[in-house]
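Sequences listed follow chains A and B, in order.
The working numbering numbers the first residue of the first sequence as 536 and each following residue consecutively.
The working numbering numbers the first residue of the second sequence as 536 and each following residue consecutively.
Backbone N, C-alpha and C define an ideal beta-carbon position, used for all residues, glycine too.
Written out below as structure tokens is the structure these notes cover.
Protein chains: 2
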Amino acid sequence: MSSLFLRTLRDDPADAEVPSHKLLVRAGYVRRAAPGVYSWLPLGLRVLRAVENVVREEMNRIGAQEILLPALLPRDPYETTGRWTEYGDALFRLRDRKGVDMLLGPTHEELFAGLVKSEYSSYKDLPVILYQVQTKYRDEERPRAGILRGREFVMKDSYSFDLSDDGLKEAYSKHREAYQRIFERLAVKYVIVAATSGAMGGSASEEFLAEAEVGEDTYVRCLESGYAANVEAVITTAPDPIPLDGLPEAVVHDTENTPTIDSLVEWANGALDREVTAADTLKNIMVKVRLPGGDWELLGVGVPGDREVDFKRLEASLEPAEVELLEDADFAAHSFLAKGYIGPKALLDNGIRFLVDPRVVSGTAWITGADEHGKHYVDLVADRDFVPDGTIEAAEVRDGDPSPDGQGPLVSAKGIEIGHIFQLGRKYTDAFEVDVLGESGKPVRLTQGSYGIGVSRLVAVLAEQWHDDKGLRWPREVSPFGVHLVIANKDEAAVAGAGQLAEDLDAAGIEVLLDDRKASPGVKFKDAELLGVPTVVVVGRGFADGTIEIRDRFTGEATAVPVDAAVEAVTAAVRG
Amino acid sequence: MSSLFLRTLRDDPADAEVPSHKLLVRAGYVRRAAPGVYSWLPLGLRVLRAVENVVREEMNRIGAQEILLPALLPRDPYETTGRWTEYGDALFRLRDRKGVDMLLGPTHEELFAGLVKSEYSSYKDLPVILYQVQTKYRDEERPRAGILRGREFVMKDSYSFDLSDDGLKEAYSKHREAYQRIFERLAVKYVIVAATSGAMGGSASEEFLAEAEVGEDTYVRCLESGYAANVEAVITTAPDPIPLDGLPEAVVHDTENTPTIDSLVEWANGALDREVTAADTLKNIMVKVRLPGGDWELLGVGVPGDREVDFKRLEASLEPAEVELLEDADFAAHSFLAKGYIGPKALLDNGIRFLVDPRVVSGTAWITGADEHGKHYVDLVADRDFVPDGTIEAAEVRDGDPSPDGQGPLVSAKGIEIGHIFQLGRKYTDAFEVDVLGESGKPVRLTQGSYGIGVSRLVAVLAEQWHDDKGLRWPREVSPFGVHLVIANKDEAAVAGAGQLAEDLDAAGIEVLLDDRKASPGVKFKDAELLGVPTVVVVGRGFADGTIEIRDRFTGEATAVPVDAAVEAVTAAVRG
């Protein structure tokens, strides 16, 4: 440590909010080079490489083959699939000296599909799983939390290519198992949840979420059934439809000053002869959606008034299209939009697409806007008075909502996405016409899977999950060193003994971080706690009496061990 | 090989000119993704990683510490040192979603200096050597030769920081030795030559050039003395000055139709009473040089008429400034420039900077332009009739020129730059004020070294130096596999025996590439030669008689070995 390129900091960095970020900077593992862009210092790089190695070993175990594609990519393939524009501002675009458009790869579905097309031509070559551990780029709007959400980051991405859907399912399930092994070896606490496929396209997909309060993903679980899903992927349980016969007429009421749900419910409970809650009202939210050509299309979204629209769920339902709320100018341009009193009828009459929450089933009667300032409908009945263009998962999911599998209530928690597995299907192989000659002599279109692990993010996740108030604590597989050996005794014999012990441990194949600095034992102990190597060995006062101490960074337990038995005992502690 | 992601090609790729490029593509090691941007397929990645590992081991051996900086960098530090503009079009620049200027790092002097400044504050922390193995970006004007000169490539760059010039010299010499060990282990044929420091700034610098006919660098050597230098760094031996007394007067002659040196010499031999050669004429070349502010300044360069101006030498002398030849518009804008008849006098009279070849010493008399169409001076004497602003190394170096050390003639050859070591000095530490508290209590400005190895380029260099007409041949340290085991016998027993041998070799720690494809022995042998694993083992016809064959890819020798002794014999062949 006297020559290690390391400076530990006493104070939290000013821009850090989450514990992992604070500690990784304070312990000298990473340094910020630009917003969302980090340098890896010696200890951090060791942890990163250890994570990479676990990932590689388990990928190789399922027969995946490692290759390495460039990060600097041509525009063409991304133009073919539409992602050059779909990615919006999240894509780093640049021009080379000849003015040719290029990009920094955010993910490589296109390139892998193209590569397999150019290399393989026969069914005999399939199936194949290819992967890379590579630096990726996404221009996040709000890079945050250090390496937890960076703009330059390391990912393992793999892609499977198969002749049939069954083959794809097998590749998917191999990945699922490999990911479980990886996260178990890394000692990540995680859940597997159903997911939407986002900008990837394709069908079946699951996310691996690390449990963490600071997570940006919300997932829900049903404790009875084990159902788990990212909140974006939750399918709302729709009630049974109601026969239309005999339902009351829809009537327009004067409802001056009721532009909010609260004020409308208050009016209804005074004016109507029944008890009304927010759940009886239909709230119609206006957004605009970007069409492939670049124009914006208006969209109305109707949800029960007791629920907010969850913008992330709304976006997930409409992906890859961009979505924005209306601006004043949009309202001004469409005079039939009576702000605060918008109802289904004006939207549908004016050809605006109108999607509703799945709870708005046929025969449900709603208090909702009458498209005129100060007026609402009462008992506007779905499928009788208005026929929506379809349903959309946009309303918030709440604790206590029924699980989609009907097994009980949902509870929610926060998580960090560390892995994502997709059965893409033929979206990309269609785009690039990736065919091989089938056994029958006819061309077969391949089916593709896409699988990612956030390698650099995992370093932050492990810091987040395992740290305590004293500092970092690394699970054995990723610890930057096997042992942190502290010389806490200035006597020549003790210093020499510590040096000998370090050599012996090294010979036994254990990497030793030797604190040989001229600092007080107190400073050294504090740094050892901050750095987080799981086994700390102290050559201290006891050395004169023939003992050293082994401290467990996780349990805090300290054990005195005779110097003679030190190598054996430390090896046992490390290998244990 | 039946499942390896590999397709060998019979034909050379259309865009490939040099052997290494052709073979690396044909053998399925790399694939082009964009001009100068390549993907590494399984075999190529194995070679790349092997090179990286040798580099890492030898860097660690000199106490260098590995870290990893981002490739996506902020503009600011490069603005501070002026390299944001100096790099010209070679720098990949981009803007993020907020419009902030960023770049893809071509080299990291700035960032490392800044990092050491922010982490270190005391002389006790020094010296330190930091390195990274990292993907770098340069927008080459003419990316060529596959991975030999790519726009995205892998480099090992390291930086030393020292308190004193002696410390820097020691770090430099450690690197020099480490590089020698690296290139020896990799079996690269190379020379060390004196170099200019280019856009890096700083003083002492040497290049490691791989010997290769396809190289873009020209170096010269003096076989007597061992002197070697990149042609850009050759210092011209100047003759002794000549006393001015008694030299003939300068006279203007009518020399109609003599705009070229040849026509001028022909005229002179007819018109003057002596024998004249091109070496008696002074050729004045006009260029323009970009000033830091962005404006262009005219510059006249005078060289003996028997030598061309070597534009690379000229550029190296003027670096980091950009240099261009004059366009017609430039001539038009300066009417005193009489094209074909330009002489020193008009340049100097009009305040144009005029630099001459070191051979143009005081008292030399020249036939040169008189700044008027169809007129030349004869006997225009340096330092009497014109006083140049200085000298410049711009004239070509030729085989047979005297070595700068006076030991004999120079001979030239072509090479590929694989390493470069610089004593930068304080150029960057001055720019960022990188000081630490010295032992005396006063701040000490650190001195920096910068050292690079072209890691991905080395893969191409090795292919270039070691291939033969049948394919690649990998030096042992970087071979993608230890053994290429060909099953050239369809008998069940032979196939099983080959499988067993592969397992036994694997158990002995030798990585085996097993050709288990359903292809003819001829196809398999051809592929084995193309792929270039140095030891090929054949389980063929002889298996029935209890023998296998070990082939040496370098010598072509084949040795029959009893099956019982196969593991031992192959291990011996591989471990050499």
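Point to revise | Whole-angstrom distance between A:D914 and A:V786, CA atom to CA atom | key: 7 angstroms
Exercise for review: Would you mind telling me which residues of chain A sit closer than 8 angstroms to B:S1114, beta carbon to beta carbon, in chain order?
Suggested key: Residue coverage of chain B in this structure runs from 536 to 1111, which leaves residue 1114 of chain B outside it and unanswerable.
Review point. Helix, strand or coil for B:Y754 per DSSP?
Key: strand
Exercise for review: Starting from B:D631, find everything on chain A with Cβ-Cβ shorter than 8 angstroms and list it in chain order.
Suggested key: F627, D674 and R686
Exercise for review: Mind checking which residues open and close the beta strand (DSSP E) that includes A:P978?
Suggested key: P978 to R980
Review point. According to the Cβ coordinates, are B:G878 and B:G840 closer than 9 angstroms?
Key: no
Exercise for review: Helix, strand or coil for B:R628, going by three-state DSSP, please let me know.
Suggested key: strand
Point to revise | As assigned by DSSP and simplified to three states, the class of B:G1006 | key: strand
Exercise for review: Keeping to the same chain, check which residues put their C-beta closer than 7 angstroms to that of A:D906; ignore five residues upstream and five downstream.
Suggested key: F871, A873, Y876, I877, G878, K880 and A881
**Study point:** Cutoff 6 angstroms; reference A:L578; Cβ partners in own chain excluding five residues on either side
**Key:** Y564 and P1015
Practice item. Could you tell me which of A:A551, A:D546, A:S555 and A:L539 sits nearest to A:I1172, measuring between CA atoms? Key: Only positions 536 to 1111 of chain A appear in this structure, which leaves residue 1172 of chain A out of reach.
Point to revise | From B:R919, B:F540 and B:E1012, residue whose alpha carbon lies closest to that of A:L650 | key: B:F540
Check your understanding: Cβ atoms of B:G685 and B:V572: under 9 angstroms apart, would you say?
Key -> yes
Exercise for review: Please name the residues in the stretch 950-969 of chain B whose beta-carbon is closer than 9 angstroms to at least one beta-carbon of chain A, in chain order.
Suggested key: none
Point to revise | Coarse secondary structure for B:F871, derived from DSSP in three states | key: coil
Check your understanding: Just how far apart, CA to CA, sit A:Q667 and B:L580?
Key -> 10 angstroms
**Study point:** Those residues which DSSP pairs with A:Q494 across a bridge
**Key:** Absent from the model: residue 494 of chain A. The displayed extent of chain A is 536 to 1111, so no value can be given.
Check your understanding: From B:D546, B:G941 and B:R584, pick the residue whose C-alpha is nearest to that of B:V1013; which is it?
Key -> B:R584
Check your understanding: Is the stretch 801-815 of chain A in contact with the stretch 756-776 of chain A, if contact means three or more CB pairs nearer than 8 angstroms?
Key -> no
**Study point:** Counterpart residues of B:Q600 in DSSP-defined beta bridges
**Key:** B:L665
Exercise for review: Please name the residue, chosen from B:E1064, B:V1109 and B:I1022, that lies closest to B:A1046 on a Cα-to-Cα basis.
Suggested key: At residue 1046 of chain B the sequence reads Glu, which differs from the Ala that was named. Nearest of B:E1064, B:V1109 and B:I1022 to B:E1046, Cα basis: B:V1109.
Exercise for review: Give me the Cα-Cα distance between A:L703 and A:G984, rounded to the nearest whole angstrom.
Suggested key: 7 angstroms
Check your understanding: What's the C-alpha gap between A:R545 and B:S653?
Key -> 15 angstroms
Exercise for review: Quickly, what does DSSP pair A:A1093 with across the bridge? List them, please.
Suggested key: A:R1086
Check your understanding: Along the chain, where does the alpha helix (DSSP H) that runs through B:G617 open and close?
Key -> Unbroken run through B:G617: none, as it is neither H nor E.
Check your understanding: At which residue ranges does the stretch 791-833 of chain A contain complete alpha helix (DSSP H) runs of 4 or more residues, listed in the order of the chain?
Key -> 796-806
Review point. With C-beta atoms as the reference, is A:K949 less than 9 angstroms away from A:E746?
Key: yes
Practice item. Could you tell me how far apart the beta carbons of A:G750 and A:L744 are, in whole angstroms, since I believe they sit closer than 8 angstroms? Key: 7 angstroms
Point to revise | Per-residue contacts from A:P577 into chain B (C-beta, under 9 angstroms) | key: Q600, E601, I602 and L665
Exercise for review: Name the residue from B:V726, B:L576 and B:L833 whose alpha carbon lies nearest to the alpha carbon of B:D752.
Suggested key: B:V726
Exercise for review: Could you please give me the residues that DSSP links to A:L997 through a beta bridge?
Suggested key: None, per the DSSP bridge assignment.
**Study point:** Closer than 8 angstroms at the beta carbon, the chain A residues around B:D547
**Key:** Here the premise fails: no neighbours, minimum Cβ distance about 16 angstroms.
Check your understanding: So which residues of chain B does A:L915 contact, with C-beta pairs closer than 9 angstroms?
Key -> Residues of chain B passing the Cβ test: none, with the nearest at roughly 42 angstroms.
Point to revise | B:T1070: first and last residue of the uninterrupted beta strand (DSSP E) it sits in | key: T1070 to V1074
**Study point:** C-alpha gap between A:D1062 and A:L1049, whole angstroms
**Key:** 12 angstroms
Review point. Thinking C-beta only, is A:L833 closer than 9 angstroms to A:R919?
Key: no
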